[in-house]
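Trainee:
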Amino acid sequence: MELISPSDIAKEKVFSVQEYCLLAASSIKALFQRPRYFRDILQQCDLIGVGSLPIVILTGFFTGFVFALQSANTLQRFGSLSLIGQLVSLSMVRELGPVLTGLMVAGRNASGIASELGSMKVTEQIDAMRALGTDPLKKLIAPRVVATVFMLFFLTIISDLMGLTGGMVVAKVLLRLDLHQYWTTAWESLVMDDIIMGLIKPPIFGFLIATVGCYYGMNSRGGTQGVGRATTQAVVAASVLILLTDAVITRVLMITFAGYR
Amino acid sequence: MVTAAPQQPAAVAESPATHAIVFENVSIAFEENQVLDSISFHLAPGETKALFGVAGAGKSIILKLALGLIQPDAGRIWVLGEEVSALPEEDLFELRRRIGMVFQESALFDSLTVRENVAFRLLEEGGASSEEIERRVREALRFVELEHTLDLFPGELSGGMRRRVAIARAMITQPEVLLYDSPTGGLDPVTSTTIIELLVKQRDVYNSSSLLVTHRLQDAFTMASHNFDRSENQMRPLPPGSRGQVSMSFLILRDGKVIFDGNAHELARCPDEYIREYIS
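In order, the protein sequence lines correspond to chains A and B.
If you read the first sequence in my numbering, its first letter stands for residue 33, the second for the next number, and so on.
If you read the second sequence in my numbering, its first letter stands for residue 10, the second for the next number, and so on.
1) In chain order, what residues of the same chain lie with their CB nearer than 6 Å to the CB of A:Thr133, ignoring the 5 residues before and after it?
2) Using only CA atoms, which one of B:Ala277, B:Ile108 and B:Asp264 lies nearest to B:Ile37?
3) How many Å lie between B:Val63 and A:Leu79 at the Cα?
4) Check each candidate in B:Arg147, B:Ser191, B:Ala95 and B:Lys58 and name the one with the smallest Cα separation from B:Ala177.
5) 9 Å is my cut-off, CB to CB: does B:Ala116 come that close to chain A?
6) With distances taken between CB atoms, is the gap from A:Lys233 to A:Ile158 smaller than 9 Å?
7) Terminal residues of the continuous alpha helix (DSSP H) containing A:Ser221?
8) Three or more C-beta pairs under 8 Å: does that hold for the segment 156–174 of chain B against the segment 184–201 of chain B?
9) Are the segment 262–271 of chain A and the segment 191–202 of chain A touching by the rule of at least three beta carbon pairs closer than 8 Å?
10) Find the residues of chain B that neighbour A:Leu115, judging by a C-beta separation of less than 9 Å, and give them in chain order.
11) Relative to the alpha-carbon of A:Arg162, which residue among B:Arg124, B:Glu114, B:His157 and B:Glu98 has its alpha-carbon at the smallest distance?
12) Going by DSSP, which residues form a beta bridge with B:Lys266?
13) For A:Ile236 and A:Trp219, I'd like the C-alpha separation in whole angstroms.
14) Going along chain A, which residues have a C-beta under 9 Å from B:Arg130?
15) Is there a Cβ of chain A sitting closer than 9 Å to that of B:Asp100, yes or no?
16) Write down the C-beta distance between A:Ile173 and A:Ser59 rounded to the nearest angstrom, noting that I regard them as a contact closer than 8 Å.
17) Does the distance from the CB of B:Leu74 to the CB of B:Val35 come in under 9 Å?
18) Would you say B:Glu165 lies against chain A (beta-carbon separation less than 9 Å)?
19) Over the uninterrupted beta strand (DSSP E) stretch that includes A:Leu184, give me the two end residues.
20) Please name the residues in the segment 135–167 of chain A whose beta-carbon is closer than 7 Å to at least one beta-carbon of chain B, in chain order.
21) Quick one: grab the DSSP three-state call for A:Val272.
22) Can you pull the chain A residues whose beta carbon is under 7 Å from the beta carbon of B:Leu76, in chain order?
Below is the structure:
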């Protein structure tokens, strides 16, 4: 087996980051250039957004459900079981909703985008599109980026709501708490900063999911095996980037919102 | 003009605007492998040039360079008077709309029907009504005798049918230049003849310039010795005295260089041993 020098590996990684940044920047630029493919955007919104709805609803519901279940024991020890609505609400809206929805959509759509574009790449369909005078950046990448950014925002809101509903089921059925109290504490504990923090993240995650999927798809090589590799790499890279970006954004927003709890 | 050894064609000294395609000292390498080494040739308007060479000689690369899908390491390329090697990708899209390309494996969009594949360019350009698009799609598919496949997906077609759909897609806007990448590769002799007949028909009906990459000498010789009879809607052999009337030339690549660039008569008389062995 041929050994590759560490400097070559480092160069390759830096080159990949550079290529990814160029693709991400070009995808933003393509949004402001003609032609604009509204039909493709709508189609992708359906595939990415509506298609991800079942998994996002299930993930949100059971995250809120289990979170309430796990927290109930600790809260009961301190006689604060009534705060369960507040705990579920803050956790879901600020952190769990955006991150888990992002990870679910990354698993489903970064892979989907990478495999679709990868298959097109290895069968020369991307070259054929360029040969026919159509820019794949505008026709394939920009609609996927717009659709993922737009739909992840709404999917996160749905996920938050489903998380609160899951917590409500635990509060009512298992803990015999008052529903009105649950929703009041859940609602009143939220301030605008929480909502902003929770809703700034999804568009950024959406951009990362779509551009990472497109990058790996457009750079697929080596036939079906290469497409499979690109798909796996896209999911791993998108998931890691979501977690990394989440940590950075959370810290930055905490500093930005002075006096944040 | 016959090139028995690597040299620059005289045409390059003329204005590139007078030719459909001009390659001037073009070189390209992939990692350590020098695929094309300072090659020059030109394609006159209305001419068909067949490119030959062993596998990996860089024939398909020439087509991709002409389309600007890849850029050369050195040298200059003009297509329809525009310098492809100097244009940014954004401007190349405009030029590519005047060129048709048939890819080696057809490269049809597998999630679109035959109708959508053939109509792709018209839909992208916009401006045509749906009735007009339908009419032109049917006309293009009738040209390749596949009108009945309108609603099928590429996966439901045979290899030969896919090539014919790819030809229909490439020619629907009647481009000035057509690039064919091994259109008969891997096909049976009967289907290959059908494809070559379509190429002759395209050449004689629309008078387009074309570059044809092929491994089959007989395909190029058939094109050089036949024309399309519109009244009988079929290919006919030319009478022996009139074979020079077809604007057809042959270009042979070896080790990244052009070792021959001339017509069928010059090829048959070429003394170069490698070429004689190649055509025998």
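Beta carbons are placed, not taken as given, at the ideal position from N, Cα and C, and that holds for glycine.
Mentor: Taking the coordinates as given:
1) Val88, Leu187, Thr188 and Ser191
2) B:Asp264
3) 45 Å
4) B:Arg147
5) yes
6) no
7) Segment: none, A:Ser221 is in no alpha helix (DSSP H) and carries neither H nor E.
8) yes
9) no
10) Within chain B, no residue comes near A:Leu115; the closest Cβ sits about 51 Å away, beyond 9 Å.
11) B:Glu98
12) B:Arg263
13) 25 Å
14) Leu164, Gly165 and Thr166
15) no
16) 5 Å
17) yes
18) no
19) That residue, A:Leu184, is in no beta strand (DSSP E); its alpha helix (DSSP H) goes Ala174 to Val201.
20) Thr155, Glu156, Gln157, Asp159, Ala160, Arg162, Ala163, Leu164, Gly165, Thr166 and Asp167
21) helix
22) Ala163
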